[in-house]
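Notes to accompany the following structure.
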Amino acid sequence: MNKIDVVLGLQWGDEGKGKVVDCLTPGYEVVARFQGGPNAGHSISIEGKSHVLHTVPSGIFREGVLNIIGNGVVVDPVILFDEISKIELLEGPVTDRIIISKRAHLILPTHRALDAASEAAKGKAKIGSTLKGIGPAYMDKTGRNGLRFGDVLLPEFKQKYEALKNKHLQLLSHYKDFSFDISSYEEQWFKAVEELKRFKFVDTEFLVNKKLDEGTPMLAEGAQGSLLDVEFGSYPFVTSSNTLAAGVCSGLGVAPSKVGKVYGIFKAYCTRVGSGPFPTELFDETGEELRRIGHEYGATTGRPRRCGWLDMVALKYAVMMSGVTDLIMMKSDVMDDFDTVKVATSYKINGKYTDEYPYDGGTNVEPVYTEFKGWKTDITGIRKYEDLPAEMKDYVAFIEKETGCPVRIVSVGPDRNAIIFKD
Ligand code: GDP
Ligand code: IMO
Ligand code: MG
């Protein structure tokens, strides 16, 4: 029997999960997404060209790897089909390399409209959703109204669709100042559903467990990040799924005892896109520099990402909540020219110091920083850990000491080859 390894984002998403999954995939035969949907934008840079995946697992650019869209994922057929069409232009047919869970829920055109209406109604208090219909689709799932991929094959699919759509139209009629037109998207949606029927819709929980029993090496790919988890993130400024390691069990049908390594990915600094608390956010030139050098613009929405220093309080919390076994540090090259690098090691809240991440995500906290000397070296061409500058190794050692978890991989550029395996 094998256990399933997991790749998770430890911050607010966009840590570089796509790149890491692509880099680790040569060691696996199956890559599976277990939560989230097209709110994700996972970039993989191959020979200078960036490919962005939203629903398809990031194992797709490695030959012979099976990619599973698990039951915990919510799928917009239009986005999935568009993504597959682009991949097939490069890779040829991938019909046998993608399998979709019959239990994966569908994002309807009206879910997108509801997402937009809800955000517009919230005004300044908006979540900053990607507007892909994620929240409304998960609401229908937990509200036991949703449509699933397996339903697509039923003769009464169209009636089920109409019934749910009509429910949504009623809800939408309560938003007085909101107008929408789903007609052209709806047409594309049904076309995409038809096109996707060439893929296998499967009870993936049986497939996943059978493969694990046979000893197949498998990797689960997280989307979003730990601090966007619906239970433990900076609620209500979160997404609607379980982004922690626990999500692998419910999102793929794997027992906790079958979870193996948990790779936790973090940027050497922090970013956040959308609203919500961000204790170490920088509003100065340094924040601008991080955004400019790190090209910190959303892969799904193109929005500028908010930038700030590494937050050890939040990182330790994320490591604890998912039982991370191996850390992976991304984008350290972005700070190559910095004279100093800072890390928040505790929060001051109402005059008291704490290193526990608060339930409100740190709305009124003052971060307490430890300062490090910058490495002032171009690390992008380095491929051996021992060749990294001493100041950067000190930074890594500090993170390992604080989290109690080894940093196994350091990424030094966007390309799939710009990576250092430490041991
Ligand atoms: P994901 O959602 O976690 O897969 O991350 P995104 O793809 O949204 O954002 C990560 C961005 O950083 C992408 O543009 C990657 O190409 C880029 N990237 C990944 N690793 C590195 C790195 O080590 N250095 C630099 N400079 N860029 C990186
Ligand atoms: P990847 O997988 C960064 C954020 C949105 C918003 C909040 C809720 O690429 O790391 P939603 O559309 O889920 O209702 O938005 O979560 N968000 C992400 N931020 N990376 C992501 O995915 C995200 N997916 C959602 O910006 O603040
Ligand atoms: Mg992303």
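Numbering (our numbering), first residue to last: 215 to 637. Even glycine gets a Cβ: it sits at the ideal position worked out from N, Cα and C.
Of the candidates 247, 389, 528, 340, the residue whose Cα lies closest to the Cα of residue 221 is 247. 252 is the residue among 252, 282, 301, 228 whose C-alpha sits nearest the C-alpha of residue 288. Counting C-beta atoms within 10 angstroms of its own C-beta, residue 265 has 16 or more neighbours from the protein chains shown and is therefore classed as buried. For the set 535, 456, 519, the Cα lying nearest the Cα of residue 483 is the one of 519. Here residue 382 is not near residue 345, since their CB atoms are 8 Å or more apart.
Counting only runs of 4+ residues, the alpha helix (DSSP H) found wholly inside the stretch 475-557 occupies 499-507, 526-536, in chain order. Distances from the CB of residue 490 to the heavy atoms of the ligand IMO include at least one below 7 Å.
Taking a 10 Å sphere around the C-beta of residue 456, we find 16 or more other C-beta atoms and assign the residue as buried. In this structure, DSSP gives residue 444 a state outside helix and strand, which the three-state scheme calls coil. With 16 or more other Cβ atoms inside 10 Å of its own Cβ, residue 630 counts as buried.
Under the 10 Å beta carbon count, residue 445 is surrounded by fewer than 16 other beta carbons and is classified as exposed. Between the stretch 509-517 and the stretch 450-470, the count of C-beta pairs closer than 8 Å stays below three; the two stretches do not touch. Assignment of beta-bridge partners to residue 223 by DSSP yields 479. When beta bridges are read from the DSSP output, residue 581 appears opposite 561. Taking a cut-off of 8 Å for Cβ pairs, the stretch 329-345 and the stretch 414-424 do not touch, as fewer than three such pairs fall below it. In the three-state DSSP reduction, residue 372 falls in the helix class (H, G or I).
Using a cutoff of 7 Å, the CB of residue 551 does not count as near the ligand GDP, since none of the ligand's heavy atoms is closer than that.
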